Amino acid sequence: MIDAMRTLLAAVWLGAVAGAVAAPFAYVPNEGSGTLSVIDTRTDRVIAEIAAGSKPRGAAVSRDGTRAYVSDQTGNRLVIVDLAKRQAVGRVELGESPEGVGMSADGRWVAAAIEESNEVVFVDTRTDARAFTVKVRGKNPEHAAFSPDGRLVFVSAEDGDAVDIIDTDKRAQVAQVPVGARPRGIGFAPDGSRAYVAAENASEVFVIDTATFQIVGRVKAGLRANGIAVHPDGRRVYVSNGGDATVSVMDAARLTVEATIPVGQRPWNMALTPDGRKLYVACGRSGSVSVIDTERAVKLTDIAVGKLPWGVVIR
Numbered sequence: 008m009i010d011a012m013r014t015l016l017a018a019v020w021l022g023a024v025a026g027a028v029a030a031p032f033a034y035v036p037n038e039g040s041g042t043l044s045v046i047d048t049r050t051d052r053v054i055a056e057i058a059a060g061s062k063p064r065g066a067a068v069s070r071d072g073t074r075a076y077v078s079d080q081t082g083n084r085l086v087i088v089d090l091a092k093r094q095a096v097g098r099v100e101l102g103e104s105p106e107g108v109g110m111s112a113d114g115r116w117v118a119a120a121i122e123e124s125n126e127v128v129f130v131d132t133r134t135d136a137r138a139f140t141v142k143v144r145g146k147n148p149e150h151a152a153f154s155p156d157g158r159l160v161f162v163s164a165e166d167g168d169a170v171d172i173i174d175t176d177k178r179a180q181v182a183q184v185p186v187g188a189r190p191r192g193i194g195f196a197p198d199g200s201r202a203y204v205a206a207e208n209a210s211e212v213f214v215i216d217t218a219t220f221q222i223v224g225r226v227k228a229g230l231r232a233n234g235i236a237v238h239p240d241g242r243r244v245y246v247s248n249g250g251d252a253t254v255s256v257m258d259a260a261r262l263t264v265e266a267t268i269p270v271g272q273r274p275w276n277m278a279l280t281p282d283g284r285k286l287y288v289a290c291g292r293s294g295s296v297s298v299i300d301t302e303r304a305v306k307l308t309d310i311a312v313g314k315l316p317w318g319v320v321i322r
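Just so we're aligned, residue 8 is where the sequence shown starts under the working numbering, counting upward by one.
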């Protein structure tokens, strides 16, 4: 009887461990403390803090969840983090002041926006080396976001009031779309038909048709709109508003704001869990991540992380 009970308890424990490993994790680069906070989205607790350069900003995680690629803005490099060992295992020189980082859906390419040289550097994850660089027309690129099919990269030109569009096969810029003042966050509809761009100084979201590169909608968001996250079902778009400490919930079909959710101070970049049930918002001035229940459109909790969290990536 005792042996049977021990076997049962062991099975329960192993199942719990397996569940914890399988749970998506939220990775938060903290530019003020030089760390990558790791949050278990099942428990909403920080389970690790990993050194990730002097001023980490953009981040992407490999498809298998084993590696993180983090831009070190003052170190001018991409830091490669082994997430099992919880330590940096490699570096790729990028250029002066790298910012946002995007990863292609197939996991092959990491694209990093480089502010000072006005270019995007593409790193091949098979070799962990620079593969090619594309100069963009816009000044001070902030984000580099892959379309769902990986064919295009949209780049927000922070000081150029425009979005630059790179064709990854041609390895060249093929279009530029004027938007509002100070574009920042970019997100795509799941089918790739639309791109949503937050313009911070305009406090608006611009909707771009990715086939024609034409603006097909504009939505007034909160004060200093900057981050974008698109729900997996494509019906809702979330916009972080840095000036009024809120997240706007936008109806993608009607192009209207249907809810506004208070969060921490200076909400910045965000990410959704794969099932779309929870949204994690980096709140820079609060040193925390606000967690939103997307079904009820309410904040669930605030999780203390490092100093000046810049964004969130979930895998």
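The C-beta atom is built at its ideal place from N, Cα and C for all residues, glycine as well. Nothing here was measured: the structure is a model prediction, and the numbers come from that model.
Open item on the list: Using the three-state DSSP reduction, which class does G109 fall into: helix, strand or coil?
Closed with: Here residue 109 corresponds to residue number 102 of the sequence shown, with the count starting at 1. Strand.
Task: Limits of the unbroken beta strand (DSSP E) element including G97 - done: Start at 1 with the first residue of the sequence shown, and residue 97 comes out as number 90. Per DSSP, G97 belongs to the beta strand (DSSP E) from Q94 to E100.
- [ ] With R74 as the anchor, note down where its beta strand (DSSP E) starts and where it stops.
- [x] For the purposes of this step, residue 74 is identified with residue 67 of the sequence shown, where counting begins at 1. It spans R74 to D79 - the beta strand (DSSP E) in which R74 sits, taken as one unbroken run.
- [ ] Can you grab the Cα-Cα spacing for the pair A91 / T73, in whole Å?
- [x] Stepping through the sequence shown from its first residue, residue 91 is reached at position 84. Stepping through the sequence shown from its first residue, residue 73 is reached at position 66. Cα to Cα, A91 sits roughly 6 angstroms from T73.
Task: Separation of L286 from K306, as counted between CA atoms - done: Within the sequence shown, residue 306 is the residue found at index 299, counting from 1. Within the sequence shown, residue 286 is the residue found at index 279, counting from 1. Their Cα atoms are separated by approximately 9 angstroms.
Task: Buried/exposed call for L159, threshold 16 Cβ in 10 Å - done: Position 152 of the sequence shown holds residue 159. By the neighbour-count rule (16 or more Cβ atoms within 10 Å), L159 is buried.
- [ ] Kindly list the residues whose CB is nearer than 6 angstroms to the CB of A151, restricted to its own chain and excluding five residues on each side of it in sequence; keep chain order.
- [x] To locate residue 151, count along the sequence shown from 1; it is residue 144. So the qualifying residues of the chain are G107, G109, A118, A120, V127, V160 and V162.
Task: 9 angstroms Cβ cutoff met for E122 and E100 - done: Position 115 of the sequence shown, counted from the first residue, corresponds to residue 122. Position 93 of the sequence shown, counted from the first residue, corresponds to residue 100. Cβ atoms of E122 and E100: not closer than 9 angstroms.
Task: Assigned exposure category for V96 - 16 Cβ within 10 Å defines buried - done: Walking along the sequence shown from the start, residue 96 turns up at place 89. So V96 counts as exposed.
- [ ] Count the other C-beta atoms from every protein chain shown that fall within 10 angstroms of the C-beta of R322, then say buried if there are 16 or more, exposed otherwise.
- [x] In the sequence shown, residue 322 corresponds to position 315, counting from 1. With 16 or more other Cβ atoms within 10 Å, it is buried.
TODO: Starting from the C-beta of A304, find all residues in its chain whose C-beta is less than 7 angstroms away, skip the five residues before and the five after it, and write them out in chain order.
DONE: On the sequence shown, residue 304 is found 297 positions in, with the first residue counted as 1. Excluding positions up to five away in sequence, the list reads V256, A266 and I268.
Task: Beta-carbon contacts of A138 that lie in its chain and below 6 angstroms, excluding the five residues immediately before and after - done: Translated into positions along the sequence shown, residue 138 becomes position 131. Closer than 6 angstroms at Cβ, skipping near neighbours: F129 and D131.
Task: Cβ neighbour criterion (16 or more within 10 Å) applied to E38 - done: Taking the sequence shown and counting its residues from 1, one reaches residue 38 at position 31. Buried: at least 16 other Cβ atoms inside 10 Å.
Task: Selected residue, minimal CA-CA separation from V264, among R273, S111 and T253 - done: Locating residue 264 in the sequence shown gives position 257, counting from the first residue. Distance from the Cα of V264 is smallest, within the candidate group R273, S111 and T253, for T253.
Open item on the list: Tell me which residue opens and which closes the beta strand (DSSP E) that E265 is part of.
Closed with: Residue 265 sits at position 258 when you count from the first residue of the sequence shown. T263 to P269 is the extent of the beta strand (DSSP E) around E265.
Open item on the list: Here's a check: name, in chain order, each residue in its chain whose Cβ is nearer than 8 angstroms to the Cβ of D51, leaving out the five neighbours to either side.
Closed with: Mapped onto the sequence shown, residue 51 falls at position 44. Listed in chain order, the non-local C-beta contacts of D51 below 8 angstroms within the same chain comprise V298, L307, T308 and I310, local neighbours out to five positions each way being set aside.
TODO: Work out the CA separation of S295 and V226 for me, nearest whole Å.
DONE: Position 219 of the sequence shown holds residue 226. Position 288 of the sequence shown holds residue 295. Straight-line Cα distance between these residues: approximately 27 angstroms.
- [ ] Identify, in the order they occur along the chain, each residue of the same chain with its Cβ nearer than 7 angstroms to the Cβ of S210, setting aside the five sequence neighbours on each side.
- [x] As a position in the sequence shown, residue 210 is number 203, starting the count at 1. Cβ neighbours of S210 beyond the five flanking positions: K227, A228, G229, L230, R231 and A232.
Task: Segment limits, beta strand (DSSP E) that includes D171 - done: The count along the sequence shown starts at 1 and reaches residue 171 at position 164. A169 to D174 is the extent of the beta strand (DSSP E) around D171.
TODO: Out of I173, K177, R189 and G192, point me to the one whose CA is closest to Q183's CA.
DONE: Residue mapping note: residue 183 aligns to position 176 of the sequence shown, counting from 1. Closest by alpha carbon: I173.
Open item on the list: Give me the DSSP bridge partner(s) of L159.
Closed with: In the sequence shown, counting from the first residue as 1, residue 159 sits at position 152. BP columns for L159 point to D174.
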